[in-house]
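J.:
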Amino acid sequence: MSGPKSRALFAQSQLHIPGGVNSPVRAFAAVGGDPIFIKAAKGAWLIDADDRRYVDYVGSWGPMIAGHAAPEVVGAITEQAKLGSSYGAPTEAELVLAQLIESAMPGMEMLRLCSSGTEAVMGALRVARGASGRDLVLKAEGCYHGGADYLLVKAGSGAMTLGTPNSAGVPEAFARSTLLVPFNDVGAVEAAFAKHGSHIAAIIIEPIAGNMGCIPPAHGYLHALRDISTRYGAHLVFDEVMTGFRVAYGGAQALYGVQPDLTCLGKIVGGGLPVGAYGGRKDVMAHVAPLGPVYQAGTLSGNPLATAAGIATLRCLSVPEAYSKLEARAAELELILREEAQKVLVPVQVQRVGSMLTVFFNDSPVLDWSSAMRSDTARFSHWHQALLAHGVYWPPSQFETAFVSLAHDDDAIEHTRDALKSAFGAVSRQ
Ligand code: PLP
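The sequence shown: position 315 = 353 (the numbering used here), numbered continuously.
#1: Contact between the region 339–352 and the region 111–127: three or more CB pairs below 8 Å?
#2: Below 7 Å, is the gap between the Cβ of Val404 and the nearest heavy atom of the ligand PLP?
#3: From this set, Met280, Ala240, Leu371, which residue's C-alpha is nearest Ser36's C-alpha?
#4: Measuring alpha carbon to alpha carbon, tell me which residue in Leu263, Ala206, His237, Ser205 is nearest Pro220.
#5: Excluding the 5 residues flanking Leu53 on each side, which residues of the same chain have their C-beta closer than 6 Å to its C-beta?
#6: Between which two residues does the alpha helix (DSSP H) holding Asp449 run?
#7: Secondary structure at Ala226, three-state DSSP: helix, strand or coil?
#8: Grab the span of the alpha helix (DSSP H) containing Lys177 for me, first residue to last.
#9: I think Leu218 touches Val191, with their Cβ atoms under 8 Å apart; what is that distance to the nearest whole Å?
#10: Taking 7 Å as the cut-off, does the CB of Val159 come closer than this to any heavy atom belonging to the ligand PLP?
#11: Measuring straight from C-alpha to C-alpha, what distance separates Asp265 and Gly318?
#12: Under the DSSP definition of a beta bridge, which residues are partnered with Ile243?
#13: Within its chain, find whatever has a CB closer than 7 Å to the CB of Leu72; leave out the 5 residues flanking it on each side and keep chain order.
#14: Leaving out the 5 sequence neighbours to the left and right, which residues in its chain are closer than 7 Å to Gly168 when beta-carbon positions are compared?
#15: Just reading off the beta strand (DSSP E) that Thr216 is part of, what are its end residues?
#16: Is the Cβ-Cβ distance between Gly251 and Phe437 less than 8 Å?
#17: Where Ala87 and Lys77 are concerned, what is the direct C-alpha to C-alpha distance, given to the nearest angstrom?
#18: When we look at the beta-carbon of Val357 and count the other beta-carbons within 10 Å, is it buried (16 or more) or exposed?
#19: Quick check on the DSSP output: the alpha helix (DSSP H) that includes Ala142 runs from which residue to which?
#20: Is it true that the CB of Pro433 sits closer than 8 Å to the CB of Ala440?
#21: Indicate, with yes or no, if the ligand PLP has a heavy atom lying under 7 Å from the CB of Gly310.
#22: Can you check DSSP and say which residues form a bridge with Thr396?
#23: Hey, could you find the ends of the alpha helix (DSSP H) Asp321 is sitting in?
#24: Cβ of Glu244 within 7 Å of any heavy atom in the ligand PLP?
#25: Under 8 Å by Cβ, that's how I've got Gly392 and Ala368 pegged, so tell me the actual separation to the nearest angstrom.
#26: Could you check the C-alpha separation between Ala327 and Gln334 for me, to the nearest Å?
#27: So, at 7 Å on beta carbons, what are the nonlocal neighbours of Asn222 in its own chain, with the 5 sequence-adjacent residues on each side left out?
#28: In this structure, what does DSSP give as the bridge partners for Trp83?
#29: In chain order, which alpha helix (DSSP H) runs of at least 4 residues are fully inside the region 41–68?
#30: Taking 6 Å as the limit between beta carbons, can you name the residues of its chain near Gly288, skipping five residues before and five after?
#31: Report the partner residues of His257 according to the DSSP bridge assignment.
#32: Could you give the distance in angstroms between the alpha-carbon of Gly282 and the alpha-carbon of Pro42?
#33: Applying the criterion that 16 or more other CB atoms from any shown protein chain within 10 Å of the CB defines a buried residue, is Ser170 buried or exposed?
#34: Alpha carbon to alpha carbon, how far is Ile242 from Ala162?
#35: How would you write the range of the alpha helix (DSSP H) that Met160 sits in, first residue to last?
#36: Counting C-beta neighbours from all protein chains within 10 Å, is the total for Asp448 16 or more, i.e. buried, or is it exposed?
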C-alpha cells in the first residue's frame, strides 16, 4: 500500500491529470492499490514521497540500464545544460550519437533522431509506405509500437491492462490499414502475404516481445519474417525501442543474426531523456525529407541534453564486461525466482532474454498473446502487492517486462531474494 504522502499526491493529481498519471501504465490499475509517487532514484533504488526505498525493476520502462543517476550520465547532462539545452540547429553530438548507433547496428546505414519511440515507429512506417507505395502494415498481436492510431490494435500491456485492446478514437479506416497475426506464427504471416502481399509495405515486429511480457521469438521465426518480406518486396521493420542496446549492444538483430530494413530505437539511446531514432538502408532512408519526399520533423529532435545522456549511456555499455555483468545478474535473479516459486509450489514461467524478464503465473510456456492471456492475473496482483510491501518495485502488470541494470549489485539482489520469499509465501497461502 502506498504511504500517506503518495496517497495525498495521487488524490490531488487526479483532479488535474486524467487518472492522476501521465501514462496509463503507471496507474497500478492492473494490480490494485494506488501508484507510488517517486521523488528520487540512485543506482538500483527508488525513493518514494514517503521516504520508502525500493529495488527498482521497472527502470523507467527500460532506459535506465546504467542505473539511476549514473555519474557519467549526470555529468554529461550537467555539462551540456551549461552550454544550452536546445538550439533548433544541428550539433556535433547528434553526429556522434548517430555514429555510435550505426557502429552497433550496421544495418542502420543512415538514421534520423526524434523524441520518442512512438515517433520513431511512425517515421519508420511512413518511410516504408513512402518508399514502397503501399499502404498496409502487418503487426503481431500483443506487440506494442507506441501510440500511433493505426498501431493501437491488440497493442500489448497498456491496452490489455485496461481491457481495451483497441483504443477508442481510432477511426476504423486507420485500423483497417493494419493486418494482425499471432506472434511466433510463420504460417499466419505467409497466409496474410498470400492474400495481400502486393499491398503490404512493412512487417513491424518486436523481435523479442516485451509488451505482453517477455516472449522470445521461436527458433527461426525472425529469419522467416526476413525471408517473407524479401520475397514480397515489403520492408522488415524491427521495433527495437525496448531491445536495442538491451539484450546485446547490437540489439536483438545482433543476437539472432537477422538484419531488418529499418530499425526503431528509443529508451536506452536517450539515457533516460526523451529520444527516439529510426534508420536503415541508405536507399530507403533517402526518402526522408529533406533528401526525399517523406516528411518528418520535430522541434526537439536530437535535443542536446538527450543526445548527451544517450552518448554517455552507450559509452557505459560499450565496455567489454557490461553485457556479461547484466547477463550474470539477470540469470541470478531468474534462478532465485524459480527457486522461491518452486519451494512453495507456485507454478510460474520465468521467461528471460538477457536483462529482460517476466514471471508469468502460468502453467505453460507463454508463446503469444493468447497463451499470455491464460496467466493468473489475480495471483500476479497479490504477488506484486507483497513485493511492494517488502521494498521491491516490479512492473505493475502481468504483461510487462522487468529490467535489470548495471547497478543491481549484491545488496539489491539479496534484498530482492528476501522480498520474493515473502511474496511467493503469501501467494501460496491464497
Ligand atoms: N515500441 C516499443 C517496443 C515500446 O516498448 C515502446 C514503449 O514502451 C514504444 C515503441 C513507444 O515508445 P515511447 O513510449 O517512447 O513513445
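Don't be surprised by glycine CBs; every beta carbon is placed ideally from N, CA and C.
T.: Taking the coordinates as given:
#1: Taking a cut-off of 8 Å for Cβ pairs, the region 339–352 and the region 111–127 touch, as three or more such pairs fall below it.
#2: Checking the 7 Å criterion, the Cβ of Val404 is out of range of every heavy atom belonging to the ligand PLP.
#3: Outside the shown range of the chain (39 to 468) lies residue 36, about which nothing can therefore be said.
#4: Considering only alpha carbons, the answer is Leu263.
#5: None.
#6: Counting along the chain, Asp449 sits inside the alpha helix (DSSP H) bounded by residues 448–466.
#7: Helix.
#8: Segment 174–178 is the beta strand (DSSP E) holding Lys177; no alpha helix (DSSP H) there.
#9: Their Cβ separation, rounded to whole angstroms, is 6 Å, which keeps Leu218 and Val191 in contact under 8 Å.
#10: True, at least one ligand heavy atom lies under 7 Å from that Cβ.
#11: Rounded to the nearest angstrom, the two C-alpha atoms are 17 Å apart.
#12: Ile243 has Phe276 as its beta-bridge partners, per DSSP.
#13: A small fix is needed here, since residue 72 is Asp in this sequence, not Leu. For Asp72, same chain residues with a beta-carbon under 7 Å away, outside a window of 5 residues either side, are Ser40, Ser44, Arg45, Phe48, Phe66 in chain order.
#14: Contacts found: His325, Pro331, Val332.
#15: Note, Thr216: beta strand (DSSP E), 216–219.
#16: Yes, the pair counts as a contact, with Cβ atoms nearer than the cut-off.
#17: If I take the Cα positions, the gap works out to 5 Å.
#18: With fewer than 16 other Cβ atoms within 10 Å, it is exposed.
#19: First-last of the alpha helix (DSSP H) with Ala142: 130–142.
#20: Cβ distance < 8 Å, so Ala440 and Pro433 count as in contact.
#21: Taking 7 Å as the cut-off, the C-beta of Gly310 does not count as close to any heavy atom of the ligand PLP.
#22: Gln389, per the DSSP bridge assignment.
#23: For Asp321, the uninterrupted alpha helix (DSSP H) segment begins and ends at 320–323.
#24: Yes, the Cβ of Glu244 comes within 7 Å of a heavy atom of the ligand PLP.
#25: Yes, they are in contact, since the Cβ atoms of Gly392 and Ala368 sit about 6 Å apart, within 8 Å.
#26: Cα to Cα, Ala327 sits roughly 7 Å from Gln334.
#27: Once the five neighbours on either side are set aside, the close Cβ partners of Asn222 are Pro255, Ala256, Tyr259, Leu405, Asp406.
#28: Under DSSP, Trp83 shares a beta bridge with Lys80, Val93.
#29: Whole alpha helix (DSSP H) segments, 4+ residues: 42–54.
#30: The residues are Ala142, Met143.
#31: None, per the DSSP bridge assignment.
#32: Roughly 38 Å separates the two Cα atoms.
#33: Buried: at least 16 other Cβ atoms inside 10 Å.
#34: In a straight line, the C-alpha of Ile242 is about 10 Å away from that of Ala162.
#35: Run containing Met160: 155–170, per the alpha helix (DSSP H) assignment.
#36: Around the CB of Asp448, fewer than 16 other CB atoms lie within 10 Å, so the residue is classed as exposed.
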